[in-house]
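**Student:** Chains as they are written, first to last, in my numbering: chain A, 32 to 348; chain B, -4 to 358. Ideal placement from N, C-alpha and C gives every residue a C-beta, glycine not left out.
Written out as structure tokens, the structure is:
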């Protein structure tokens, strides 16, 4: 039945450039063979599912009018995590909060890392006046205090666009938080990446690439960027953690969107309701633990990615 | 010996448009290279002339900092930002490269004159596959699509004795010898007329060094490659080169057929350099040392630059720059010891060539 036209298997078990699908599979295999990668991914997938389909798990978001429980009911009796002062299910709010916190964290991370990597690589590689100008700009953003900037920017932007304005279906308050986090943290990433680029551009393979005919754009893309990708991943993880924390902080001090129950917003309500004084730990613990878990998961995944994306690290262990 | 550059298989790409097919491959005349420094200009290369024929191998030897690498890199203007060619001619196929602008000269880099770098580990991008790195000059310089460039890269790897499967390896997965072979493959990527090896074997152990030299030798034979080998290892030159050029402090001291120069070194510097090199055939003895240091090239001594260290220095040496004297056997020497009248016969000398283990030159 089968003809002999089947090509012989590659003699060498390694080294053949696998087709793109095979490469992706090999990458996934290496990632999943690590326990930290597996655990981190598991947590992230769990929270991603919560964020995408909260209704599937806990039903619609409860509001003061649809609340079913009594005020500040401890865990148990149909309310796994207890209720808040308005009788809303904490589990319900925490699950719905995942979407807000994760979205803000993700958007802020993408903005920060893209802007930071771009500025860092260009400043480091091009050098000279470009470097000076970009670094002075980053200095300015480096000294901007996140919270203060947010306190000033949030009401201003909201006043200009209106609190109910939406951008791509995202409420303006969230955009403000993302912009504030992005503005205040890209400079750190740019600095870190620039310093690494400064050392990479002195390496001989960059000279070689230039001699061979690569222009600055190609060198930055093909030679510099792949050499700082592990740094970018590390920065992304760090930024995500910071972004989630910052969002939590901003919401906690009342600069969040009161209609979007992010984890910070829940903590804010808990504080407003005097939960710590009343011993209502179940009001505080679930959102706080979620923040910790998400940050932890990103760190684990980031670590695993760093090791896999850096081909040299395979030798060391 | 001379290879027709238009024969297919030896040169796949047409010669540059202004090329004169009858002109010699490379002719360098009175090349002068300067480096701007905060405290003056360094005369790194001063009045260097030499030629390279199709299929020929020229070795350039001398102490560190004598201008070997600078000479080679200035051919296609690959000098550091503060370096520039002050005077002279670099004629490739009869085209003078010195007045070319940066964009014009880029066309000659790698396509006509390629480099094998010293220390392959540093010259390879650690996070890019070997095959992609070899394909890079093919993509850029020859404008080939990525797929065919990769295929060509695999062929080149095979040509230098690396299995083509290795194209998917990262540099750290290869041995030192393989990395150097990959660098050679990269140099061959665009079928260049001239390959410059800048200390291509320095970082390798002797066995691998021998293999690499053998490979270069074989490629030269098979592809009709012209080689410029920069090294301070005279035995490498004795083994692989047809001609040798001894440089001192940015000038040519002596140049000629390897056998003739090594058998009967005429310039005192060449003599000193050769006796500073271990000789396996004679009794074990302390190697000679040339006293003193090479001069400061910001302010070189007038006259012969070797005069302060030269055992045979005369009054005239520190006053007048020695003119080049051409002997009947083709060896050029810049030294006042020899009268300037043309075509003096070669002196009888030691048979150092045998001692250095070199065979007959290829011609």
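Please compile the residues from chain A whose C-beta is within a distance smaller than 7 Å of the C-beta of residue 118 (chain B).
**Tutor:** By 1-based counting over the second chain, the position of residue 118 (chain B) is 123. For residue 118 (chain B), the C-beta contacts it makes with chain A under 7 Å involve 235, 236 and 239, in order along the chain.
**Student:** Along chain B, which residues have their Cβ under 9 Å away from the Cβ of residue 308 (chain A)?
**Tutor:** Within the first chain, numbered from 1, the residue matching residue 308 (chain A) stands at position 277. Taking a Cβ-Cβ cut-off of 9 Å, residue 308 (chain A) has no neighbours in chain B, whose nearest Cβ is about 55 Å from it.
**Student:** Run through the DSSP bridge pairs and tell me what residue 224 (chain B) is partnered with.
**Tutor:** As a working note, residue 224 (chain B) is residue 229 in the second chain. Paired residues: B:54 and B:192.
**Student:** Answer yes or no: does any C-beta atom of chain B fall closer than 8 Å to that of residue 228 (chain A)?
**Tutor:** Position 197 of the first chain holds residue 228 (chain A). No - not a single Cβ of chain B is within 8 Å of the one on residue 228 (chain A).
**Student:** With a cut-off of 8 Å, does the C-beta of residue 398 (chain B) fall near any C-beta of chain A?
**Tutor:** Only positions -4 to 358 of chain B appear in this structure, which leaves residue 398 (chain B) out of reach.
**Student:** List the endpoints of the continuous alpha helix (DSSP H) containing residue 144 (chain B).
**Tutor:** On the second chain, position 149 is the one that residue 144 (chain B) refers to. 141 to 154 is the span of the alpha helix (DSSP H), which, as asked, contains residue 144 (chain B).
**Student:** Taking residue 135 (chain B) as the query, report the chain A residues whose CB atoms sit under 8 Å from its CB, ordered along the chain.
**Tutor:** As a working note, residue 135 (chain B) is residue 140 in the second chain. Those are 243, 244, 245 and 249, listed as they occur along chain A.
**Student:** Taking all protein chains shown into account, decide if residue 337 (chain B) is buried (16 or more other Cβ within 10 angstroms of its Cβ) or exposed.
**Tutor:** Residue mapping note: residue 337 (chain B) aligns to position 342 of the second chain, counting from 1. In this prediction, residue 337 (chain B) scores a pLDDT of 49, lower than 50, which makes its location untrustworthy; no coordinate-derived value is stated.
**Student:** When you compare only the Cα positions, how much space is there between residue 52 (chain B) and residue 168 (chain A)?
**Tutor:** Stepping through the second chain from its first residue, residue 52 (chain B) is reached at position 57. Stepping through the first chain from its first residue, residue 168 (chain A) is reached at position 137. When rounded, the distance between both Cα atoms is 54 Å.
**Student:** So, under 8 Å CB-CB, residue 32 (chain B) and residue 246 (chain B) are touching, yes? Tell me the CB distance rounded to an integer number of Å.
**Tutor:** Translated into positions along the second chain, residue 32 (chain B) becomes position 37. Translated into positions along the second chain, residue 246 (chain B) becomes position 251. Rounded, the Cβ-Cβ distance is 19 Å, inconsistent with contact.
**Student:** For the stretch 130 to 150 of chain A and the stretch 259 to 272 of chain A, state whether three or more C-beta atom pairs, one from each stretch, are separated by less than 8 Å.
**Tutor:** yes
**Student:** Going by beta carbon distance, what residues of the same chain come within less than 6 Å of residue 112 (chain A), once the five residues before and after it are set aside?
**Tutor:** As a working note, residue 112 (chain A) is residue 81 in the first chain. So the qualifying residues of the chain are 106, 121, 122, 313 and 317.
**Student:** If you count every other CB in all the chains shown that lies within 10 Å of the CB of residue 94 (chain A), and 16 or more means buried, which is it?
**Tutor:** Sequence index remark: in the first chain, residue 94 (chain A) carries index 63 (1-based). So residue 94 (chain A) counts as exposed.
**Student:** Which residues share a DSSP beta bridge with residue 46 (chain B)?
**Tutor:** Walking along the second chain from the start, residue 46 (chain B) turns up at place 51. Answer is B:22, bridged to residue 46 (chain B).
**Student:** For residue 264 (chain A), collect the residues of the same chain with a Cβ closer than 7 Å to its Cβ; drop the 5 residues on either side in sequence, then sort them by chain order.
**Tutor:** Taking the first residue of the first chain as position 1, residue 264 (chain A) is located at position 233. So the qualifying residues of the chain are 333, 336, 337 and 340.
**Student:** Taking only the alpha-carbon atoms, compute the straight-line gap between residue 164 (chain B) and residue 125 (chain B) and give it to the nearest angstrom.
**Tutor:** As a working mapping, residue 164 (chain B) is identified with position 169 in the second chain. As a working mapping, residue 125 (chain B) is identified with position 130 in the second chain. The straight-line gap from Cα to Cα measures roughly 6 Å.
**Student:** Any C-beta of chain A sitting closer than 8 Å to the C-beta of residue 112 (chain B)?
**Tutor:** As a working mapping, residue 112 (chain B) is identified with position 117 in the second chain. At least one C-beta of chain A is nearer than 8 Å to the C-beta of residue 112 (chain B).
**Student:** Got a sec? Which residues, its chain only, sit under 6 Å from residue 98 (chain A) by beta carbon, not counting five neighbours each side?
**Tutor:** For this step, residue 98 (chain A) is matched to residue 67 along the first chain. Excluding residues within five positions, the ones whose Cβ falls inside 6 Å are 117, 118 and 119.
**Student:** To the nearest whole angstrom, what separates the beta carbons of residue 226 (chain B) and residue 194 (chain B), a pair I think is in contact under 8 Å?
**Tutor:** By one-based count along the second chain, residue 226 (chain B) stands at place 231. By one-based count along the second chain, residue 194 (chain B) stands at place 199. With a Cβ gap of about 6 Å, residue 226 (chain B) and residue 194 (chain B) count as contacting.
**Student:** Pick helix, strand or coil for residue 71 (chain B), following the three-state DSSP scheme.
**Tutor:** Sequence index remark: in the second chain, residue 71 (chain B) carries index 76 (1-based). Note: residue 71 (chain B) maps to coil in three-state DSSP.
**Student:** Starting from residue 13 (chain A), follow its DSSP beta bridges and name the residues at the other end.
**Tutor:** Here chain A comprises residues numbered 32 to 348, so residue 13 (chain A) is not present and cannot be evaluated.
**Student:** Can you tell me where the alpha helix (DSSP H) with residue 309 (chain B) in it begins and where it stops?
**Tutor:** Here residue 309 (chain B) corresponds to residue number 314 of the second chain, with the count starting at 1. Premise fails: residue 309 (chain B) is in no alpha helix (DSSP H) and is neither H nor E.
**Student:** Grouping DSSP H, G and I as helix and E and B as strand, with all else coil, what is residue 110 (chain B)?
**Tutor:** Sequence index remark: in the second chain, residue 110 (chain B) carries index 115 (1-based). Three-state result, residue 110 (chain B): strand.
**Student:** Apart from the five residues just before and just after residue 221 (chain A), which ones in its own chain have a Cβ nearer than 6 Å to its Cβ?
**Tutor:** Looking up residue 221 (chain A) in the first chain gives position 190. Excluding residues within five positions, the ones whose Cβ falls inside 6 Å are 147, 150, 151 and 169.
**Student:** DSSP on residue 233 (chain A), reduced to helix/strand/coil?
**Tutor:** Reading the first chain from its first residue, position 202 is the one you call residue 233 (chain A). Correct three-state label for residue 233 (chain A): coil.
**Student:** Please state whether the Cβ-Cβ distance between residue 260 (chain B) and residue 252 (chain B) is less than 8 Å.
**Tutor:** Position 265 of the second chain, counted from the start, is the residue given in the question as residue 260 (chain B). Position 257 of the second chain, counted from the start, is the residue given in the question as residue 252 (chain B). 8 Å or more divides the Cβ of residue 260 (chain B) from the Cβ of residue 252 (chain B).
**Student:** Can you tell which of A:324, A:60, A:212 and A:163 has its C-alpha closest to the C-alpha of residue 287 (chain A)?
**Tutor:** In the first chain, residue 287 (chain A) corresponds to position 256, counting from 1. Residue 287 (chain A) has its Cα closest to that of A:212, out of A:324, A:60, A:212 and A:163.
**Student:** Apart from the five residues on each side of it in sequence, which residues of its chain come closer than 8 Å, Cβ to Cβ, to residue 89 (chain A)?
**Tutor:** Reading the first chain from its first residue, position 58 is the one you call residue 89 (chain A). Hits under 8 Å: 120, 122, 123, 126 and 127.
**Student:** Just how far apart, CA to CA, sit residue 17 (chain B) and residue 90 (chain B)?
**Tutor:** The residue you call residue 17 (chain B) lines up with position 22 of the second chain. The residue you call residue 90 (chain B) lines up with position 95 of the second chain. Whole-angstrom Cα-Cα distance: 12 Å.
**Student:** Sort B:304, B:318 and B:177 by Cα distance to residue 334 (chain B) and report the nearest one.
**Tutor:** Counting from 1 along the second chain, the entry for residue 334 (chain B) is found at position 339. Minimum Cα distance to residue 334 (chain B) is reached at B:318.
**Student:** Between residue 55 (chain A) and chain B, is the shortest Cβ-Cβ distance under 8 Å, so that the two count as touching?
**Tutor:** Reading the first chain from its first residue, position 24 is the one you call residue 55 (chain A). It does not; no Cβ of chain B falls within 8 Å.
**Student:** Thinking residue 245 (chain A) and residue 135 (chain B) are a contact (beta carbons under 8 Å), I'd like their distance in whole angstroms, please.
**Tutor:** Position 214 of the first chain holds residue 245 (chain A). Position 140 of the second chain holds residue 135 (chain B). About 6 Å; that satisfies the 8 Å criterion.
**Student:** Pick out the complete alpha helix (DSSP H) segments inside the stretch 232 to 310 of chain B, 4 residues or longer, and give them in chain order.
**Tutor:** 253 to 258 and 263 to 270
**Student:** Within the continuous beta strand (DSSP E) that includes residue 278 (chain A), where are the two ends?
**Tutor:** Here residue 278 (chain A) refers to the residue found at position 247 of the first chain. Per DSSP, residue 278 (chain A) lies in no beta strand (DSSP E) segment; the continuous alpha helix (DSSP H) that holds it begins and ends at 256 to 283.
**Student:** My assumption, with CB atoms under 8 Å, is that residue 80 (chain B) sits in contact with residue 28 (chain B). Please give the rounded CB distance.
**Tutor:** As a working note, residue 80 (chain B) is residue 85 in the second chain. As a working note, residue 28 (chain B) is residue 33 in the second chain. With 8 Å as the limit, residue 80 (chain B) and residue 28 (chain B) qualify as a contact, their Cβ atoms being about 6 Å apart.
**Student:** Decide yes or no for the touch test of the stretch 289 to 303 of chain A against the stretch 152 to 166 of chain A: beta carbon pairs closer than 8 Å, at least 3 of them.
**Tutor:** no
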